[in-house]
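The opening residue of the sequence shown carries number 11 in my numbering; numbering runs sequentially from there.
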Amino acid sequence: MWVLDDNIQKIINAIAEKDTFTEKELKKKLKIKENEIRKVLYRLHELGVVYPIKTVVIKEGKYDYEWGARINDIEEIYKIIVERELEKLEKEKSSLPEMVYMCEYCDLQFDFDKAEEYDFKCPECGSILMPKRNLRICEIEETIQRLKDLLVKARQLKLQITN
Ligand SMILES: [Zn+2]
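Right, here's the structure in full:
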């Protein structure tokens with residue numbers, strides 16, 4: 011999950027402090043690779059948080075890119091990002107079966123219909139398939155919790171800045 015990455019949070023926090031900035035400024039300040047910075051800026055652009063202003067020619071063949079921030083409220087920025095990601099995760103979660111039927115020996119898993127078709131026995135080794143909570147659902151729930159924690163953190167950051 012991109013927004014849970016430390017470097018990405020550094021980039022977001024730096025953007026919230028400025029109305030305009032360039033990629034090289036961020037690179038120098040944060041010591042993060044330019045292509046990593048640009049990738050985050052493109053994502054934030056898609057979400058309406060930043061907008062490209064212009065290419066700056068440093069010297070022949072060397073360029074920098076100037077960007078502007080549409081939103082400076084750090085809590086608001088995280089809210090926009092987190093809400094979009096939560097929406098995607100909830101959608102994925104609701105499309106997954108809650109339980110899967112597993113062969114612990116072969117590390118295979120099946121949904122209910124498939125497992126029933128095999129008479130709840132592993133088609134490879136013949137041992138009984140055991141019902142287990144879908145691991146992907148556990149992962150999604152963990153990520154959802156981390157995203158919610160991030161919103162709390164963003165609120166605290168905002169309070170630090172405004173006080
Ligand atoms: Zn098996």
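By construction, the Cβ of each residue, glycine as well, lies at the ideal position given by its N, Cα and C atoms.
- In terms of side-chain proximity, the C-beta atom of residue 115 is found nearer than 7 angstroms to a non-hydrogen atom of ligand 1.
- Checking the 7 angstroms criterion, the Cβ of residue 134 is within range of a heavy atom belonging to ligand 1.
- Assigned with DSSP and collapsed to three states, residue 59 falls in coil, not helix or strand.
- Taking C-beta separations shorter than 7 angstroms and ignoring five residues to either side along the sequence, the partners of residue 47 in its chain run 21, 33, 36 and 37, following chain order.
- A Cβ-Cβ contact shorter than 8 angstroms links residue 11 with residue 153.
- The shortest CA-to-CA distance from residue 63 to any of 76, 56, 57 and 52 is the one to 76.
- Counting every other CB atom within 10 Å of its CB across the protein chains shown gives residue 44 a total below 16, marking it as exposed.
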